[in-house]
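S.K.: Respectively, the protein sequence lines represent chains A and B.
The number in the numbering used here is simply the position in the first sequence, starting from 1, with 41 added.
The number in the numbering used here is simply the position in the second sequence, starting from 1, with 41 added.
Glycine residues also receive a C-beta, built at the ideal position from the N, C-alpha and C atoms.
Sharing a structure here in structure tokens format.
There are 2 protein chains.
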Amino acid sequence: MEYYSSEISKLIEAFASLPGIGRKSAQRLAFHVLNMPSERVDELAEILVNARKNIRYCKTCFTLTDTDTCPICANPARDHKTIMVVETVRDLAAYEKTGKYNGVYHVLHGAISPMLGIGPNDIKLKELMVRLQNEDIDEVIIATNSSLEGETTAMYISKLIKPTGIKVSRIASGVPVGGDLEYIDEITLLRALEGRTEI
Amino acid sequence: MEYYSSEISKLIEAFASLPGIGRKSAQRLAFHVLNMPSERVDELAEILVNARKNIRYCKTCFTLTDTDTCPICANPARDHKTIMVVETVRDLAAYEKTGKYNGVYHVLHGAISPMLGIGPNDIKLKELMVRLQNEDIDEVIIATNSSLEGETTAMYISKLIKPTGIKVSRIASGVPVGGDLEYIDEITLLRALEGRTEI
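Structural data, given as structure tokens:
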């Protein structure tokens, strides 16, 4: 592209390489950065580098954190006998936002997917089993996504844990609150029917 | 947010402060960066800082460039007697992409907007008038946006230049190519009608 100088082109390319950012957005972001005060850009660059450098897995639950043990695992007020198993750190954050879950977590960093060649050894499953052996756990709540991969993973984990005698549960699948039945897919509707509870 | 460690929160905030990036996208970008190889993050940070540091205005046309004179102004093959006046560097890039315009540009970096308190002195208009005095110019093509601000600016510039005897023109406003009349706003339809040409 002759019409942008090479530094600008590089900046646009850099933004366009991020997920969910197309060429137009990348251009907009690039010009935004070029109009920012120099110090703000330096600061932004520093935040990027520092975050990547200082972030590691919590040695207990494998969420991303900047300390050896994450704030949730380090919190004595939480119920350390209940573990919620999630696929990603964002899923953990989604449950934390509810403010109602008081147990701890285990982040798998993925789900079993034969299609993508992701097996049980490619996610933090061994690490979960080690925790179950070493810690005193009452219940494991499986909160993987309700996708094919999530369900496969949930089934696999439940089969693995059952023999240990620890209670295993799965979050309910059904019609989302405020959801309009007419717009909800058939599989979800059937799930909601199967999972019906007496009132 | 207790559920993200402070470094992650800072990274999410940093992304969310960019234009057009909401909280969800900022989270997605943050976790993408945390999963990138460390060297790639360093590189990204460097591109940001360098672009901001090395970019300046072309001393002739005020586009953003990393040299004193931009590649377009420095190109002897271009017609330096025709100046297209645009609001932003992105508008310049849009015309350059057509590959059919061979003149040079002048970037105003904004448009006159009494609503936002942007007057003629807040955009690179004086600089345009200086160019018209010092260079040998045949025509000034005003290619500001066809918005209220763009039209105001075009009118203002045209009144300013007319007395000098230099030809001033305005890009046509009308139905976009491939545009479906039924989905086009009334003002554009009226403009297209007013601007009709004999065939």
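Between B:LEU105 and A:LEU173, which are expected to be in contact by the criterion C-beta below 8 Å, what is the C-beta distance as a whole number of angstroms?
M.R.: Going by Cβ atoms, the distance from B:LEU105 to A:LEU173 rounds to 57 Å, so no, they are not a contact pair.
S.K.: With B:GLU180 as the anchor, note down where its beta strand (DSSP E) starts and where it stops.
M.R.: Residues 180 to 183.
S.K.: Pairs of beta-carbons, one from the stretch 74 to 93 of chain B and one from the stretch 135 to 151 of chain B, closer than 8 Å: are there three or more?
M.R.: The answer is no - the stretch 135 to 151 of chain B does not touch the stretch 74 to 93 of chain B, with fewer than three Cβ pairs under 8 Å.
S.K.: Are the beta-carbon atoms belonging to A:ALA86 and B:ALA57 less than 7 Å from one another?
M.R.: Not closer than 7 Å, so no.
S.K.: Near B:ALA115, which residues of its chain fall below 8 Å by C-beta distance, leaving aside the five closest residues on each side in sequence?
M.R.: Answer for B:ALA115: THR108, listed in chain order.
S.K.: What residues in the stretch 96 to 114 of chain A have a beta carbon less than 8 Å from any beta carbon of chain B?
M.R.: Listed in sequence order: ILE96, LEU105, THR106, ASP107, THR108, CYS111, PRO112 and ILE113.
S.K.: In the stretch 138 to 169 of chain A, which residues sit with their C-beta less than 9 Å from some C-beta in chain B, listed in chain order?
M.R.: Those would be LYS138, in chain order.
S.K.: Does chain B have any CB closer than 7 Å to the CB of A:ILE53?
M.R.: Cβ-Cβ to chain B under 7 Å: no for A:ILE53.
S.K.: By Cβ distance, which residues of its chain are closer than 8 Å to B:GLY215, with the 5 residues on each side in sequence left out?
M.R.: Only THR229, ARG232, ALA233 and GLY236 meet the Cβ criterion.
S.K.: Quick check on B:VAL209 - is its C-beta less than 7 Å from some C-beta in chain A?
M.R.: No - not a single Cβ of chain A is within 7 Å of the one on B:VAL209.
S.K.: So, helix, strand or coil for B:THR129, using DSSP?
M.R.: Coil, per DSSP.
S.K.: Using a Cβ-Cβ cut-off of less than 9 Å, give me the residues of the stretch 172 to 199 of chain A that come near chain B, in sequence order.
M.R.: Under the 9 Å Cβ criterion, the stretch 172 to 199 of chain A contributes no residue.
S.K.: Taking the CB atoms as reference points, tell me whether B:GLY167 and B:PHE103 lie closer together than 7 Å.
M.R.: Residue identity check: residue 167 of chain B is Lys in the sequence provided, not Gly. Contact flag unset, no.
S.K.: B:LYS94 to B:GLY61, Cα distance in whole Å?
M.R.: Between B:LYS94 and B:GLY61, the C-alpha separation is close to 24 Å.
S.K.: Quick one: does B:GLU128 have its CB under 7 Å from some CB of chain A?
M.R.: It does not: the Cβ of B:GLU128 has no partner Cβ on chain A nearer than 7 Å.
S.K.: For B:LYS165, does the three-state DSSP call read helix, strand or coil?
M.R.: Coil.
S.K.: If the criterion is Cβ atoms closer than 7 Å, does the pair B:LYS100 and B:ASP179 meet it?
M.R.: It is not a contact, given that the beta carbons lie outside the stated cut-off.
S.K.: For A:ARG119, I'd like the list of residues in its chain whose CB is within less than 8 Å of its CB, leaving aside the five on either flank, ordered along the chain.
M.R.: Answer for A:ARG119: ILE113, ASN143, GLY144 and VAL145, listed in chain order.
S.K.: Starting from A:SER210, trace the beta strand (DSSP E) in both directions and tell me its first and last residue.
M.R.: First-last of the beta strand (DSSP E) with A:SER210: 208 to 211.
S.K.: Exposed or buried, what is A:VAL218 when buried is set at 16 or more other beta-carbons lying within 10 Å of its beta-carbon?
M.R.: Its Cβ having fewer than 16 others within 10 Å, A:VAL218 is exposed.
S.K.: Have a look at B:ILE183 and B:THR110 and give me their C-alpha separation to the nearest angstrom.
M.R.: Roughly 22 Å between the two C-alpha positions.
S.K.: For a cutoff of 7 Å on Cβ pairs, would you count A:ARG93 as touching chain B?
M.R.: Chain B contact via Cβ: present.
S.K.: So with Cβ pairs under 7 Å, would you call A:GLY61 a contact of chain B?
M.R.: Yes, A:GLY61 counts as interfacial toward chain B.
S.K.: Could you check how far apart the C-beta atoms of A:GLU128 and A:LEU157 are, in whole angstroms? I think they sit under 8 Å.
M.R.: In fact, because the Cβ distance is near 13 Å, the residues do not count as touching under 8 Å.
S.K.: So what's A:HIS150 in DSSP terms, helix, strand or just coil?
M.R.: Coil.
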